[in-house]
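Data first, discussion second: the structure below is written as structure tokens.
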Amino acid sequence: QKEVEQDPGPLSVPEGAIVSLNCTYSNSAFQYFMWYRQYSRKGPELLMYTYSSGNKEDGRFTAQVDKSSKYISLFIRDSQPSDSATYLCASKGGNNRKLIWGLGTSLAVNP
Amino acid sequence: DVKVTQSSRYLVKRTGEKVFLECVQDMDHENMFWYRQDPGLGLRLIYFSYDVKMKEKGDIPEGYSVSREKKERFSLILESASTNQTSMYLCASGDTGLVYGYTFGSGTRLTVV
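Residue numbers (this note's numbering), protein chains in the order written: chain Z, 1 to 111; chain E, 112 to 224.
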């Protein structure tokens with residue numbers, strides 16, 4: 001079992017839809033949780049990060065961590081075609097130098 | 112704007128060639144990483160470095176080596192390129208605690224023929 005599991009999709013939604021992207025993790029020591037967005041033929045870029053449990057909101061994006069169920073979510077409201085990308089979740093423990101990655105979910109937002 | 116710069120966006124090399132991929136960061140980060148990314152396999156860590164002249168193997172180090180002579184530069188070396196090393200190579204850097212994760216370069220698409 002991978003330490004971070006993520007359904008690769010692909011996920012296809014109409015413009016304006018609410019998108020829910022999800023990961024699960026198995027390591028109870030994970031404290032930092034991140035979402036990266038990767039456009040085609042580009043490097044990933046940090047979109048959201050959270051520490052421990054709770055929600056964090058930034059514009060149309062909300063990151064949510066539920067440590068009791070080891071569940072990480074990213075919600076995109078009013079999705080736009082420009083949101084079409086691969087979304088990767090990542091986690092790490094407090095003293096770890098490495099991020100542990102999900103496989104990424106491919107999202108297409110159709111006009 | 113802070114950056115991680117990879118020297119080439121696209122490379123085509125022949126089987127058996129020695130290949131150098133260069134990465135430079137301007138954020139004074141201690142940690143630097145080399146990944147390869149393949150469809151269906153996600154990001155796989157090749158090597159990482161947490162200090163000058165220090166290196167640690169990642170999950171798939173076979174066929175690769177690295178060099179970090181200066182803090183800002185981390186090089187990936189394919190000693191004898193093979194076709195199964197055709198991939199997207201991504202360099203990343205991060206601060207001491209990696210609290211804010213990594214900053215990635217734009218990637219090098221390497222094709223070995």
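Virtual Cβ for every residue (Gly too), placed ideally from N, Cα, C.
In this text the structure is predicted, and so the values were computed from the model without any measurement.
Measure the beta-carbon distance from residue i to residue j and round it to whole angstroms, keeping in mind my assumption that it falls under 8 angstroms.
| i | j | result |
| --- | --- | --- |
| Z:TRP35 | Z:LEU74 | 5 angstroms |
| Z:PHE61 | Z:LEU47 | 6 angstroms |
| Z:ASN27 | Z:GLY93 | 7 angstroms |
| E:GLY169 | E:TYR158 | 5 angstroms |
| E:ASN142 | E:SER193 | That belief does not hold up - the Cβ atoms of E:ASN142 and E:SER193 are roughly 28 angstroms apart, past 8 angstroms. |
| Z:PRO44 | Z:LEU11 | Actually they do not touch by this definition, with Cβ atoms about 17 angstroms apart. |
| Z:SER53 | Z:LYS42 | That belief does not hold up - the Cβ atoms of Z:SER53 and Z:LYS42 are roughly 31 angstroms apart, past 8 angstroms. |
| E:CYS134 | E:GLY212 | Incorrect: roughly 17 angstroms between the Cβ atoms, too far for contact. |
In three-state terms, what does DSSP make of residue i?
| i | result |
| --- | --- |
| Z:SER144 | One cannot answer for residue 144 of chain Z here, as it falls past the ends of chain Z, which runs 1 to 111. |
| Z:SER26 | coil |
| Z:PRO14 | strand |
| E:THR222 | strand |
| E:ASP149 | strand |
| E:SER119 | coil |
| Z:SER82 | helix |
| E:ILE171 | coil |
| Z:ARG97 | coil |
| E:LYS181 | strand |
| E:MET143 | strand |
| E:TYR158 | strand |
| E:THR126 | coil |
| Z:GLU3 | coil |
| Z:LEU103 | coil |
| Z:VAL109 | strand |
| E:SER217 | coil |
| Z:VAL19 | strand |
| E:VAL135 | strand |
For residue i, which residues from the same chain have a beta carbon less than 6 angstroms from its beta carbon, with the 5 sequence-adjacent residues on both sides left out?
| i | result |
| --- | --- |
| E:LEU132 | LEU187, TYR200, THR219 |
| E:THR222 | VAL123, THR197 |
| Z:ALA90 | MET34, LEU99, TRP101 |
| E:GLU128 | ALA192 |
| Z:SER106 | GLY9, PRO10, THR86 |
For residue i, which of the options has the nearest alpha-carbon?
| i | options | result |
| --- | --- | --- |
| E:TYR175 | E:TYR213, E:LYS181, E:VAL130 | E:VAL130 |
| E:ASP206 | E:VAL135, E:HIS140, E:ARG125, E:THR126 | E:HIS140 |
| Z:ASN95 | Z:SER20, Z:PHE30, Z:GLU3 | Z:PHE30 |
| Z:ALA17 | Z:THR105, Z:ARG97, Z:ILE76, Z:THR86 | Z:ILE76 |
| Z:GLU3 | Z:SER20, Z:PRO14, Z:THR24 | Z:THR24 |
| Z:ARG97 | E:SER160, E:TYR146, E:LEU154, E:GLU128 | E:SER160 |
| Z:TYR51 | Z:GLU15, Z:PRO111, Z:SER20, Z:GLN64 | Z:GLN64 |
| E:PHE144 | E:PHE185, E:SER191, E:VAL224, E:GLU190 | E:PHE185 |
| Z:GLU5 | Z:PRO14, Z:ASN22, Z:GLU15, Z:VAL13 | Z:ASN22 |
| E:ARG120 | E:CYS202, E:GLU173, E:GLU190, E:VAL224 | E:CYS202 |
| E:ASP149 | Z:ASN110, Z:VAL109, Z:PRO111, Z:GLY104 | Z:GLY104 |
Excluding the 5 residues preceding and the 5 following residue i in the sequence, name in chain order all residues of the same chain whose CB lies nearer than 8 angstroms to its CB.
| i | result |
| --- | --- |
| E:VAL163 | ARG179, GLU180, LYS181, LYS182 |
| Z:GLN38 | PRO44, GLU45, ALA85, THR86, TYR87, LEU88, GLY104 |
Apart from the five residues just before and just after residue i, which ones in its own chain have a Cβ nearer than 7 angstroms to its Cβ?
| i | result |
| --- | --- |
| E:LEU209 | ASN142 |
Entirely enclosed beta strand (DSSP E) segments - the stretch 187-214 of chain E, minimum 3 residues: The beta strand (DSSP E) runs lying completely inside the stretch 187-214 of chain E and spanning 3 residues or more are 198-205, given in chain order.
Ordered list of beta strand (DSSP E) runs contained in the stretch 23-80 of chain Z, each at least 3 residues: Taken in chain order, the complete beta strand (DSSP E) segments of 3 residues or longer contained in the stretch 23-80 of chain Z are 30-38, 45-51, 54-58, 61-66, 71-76.
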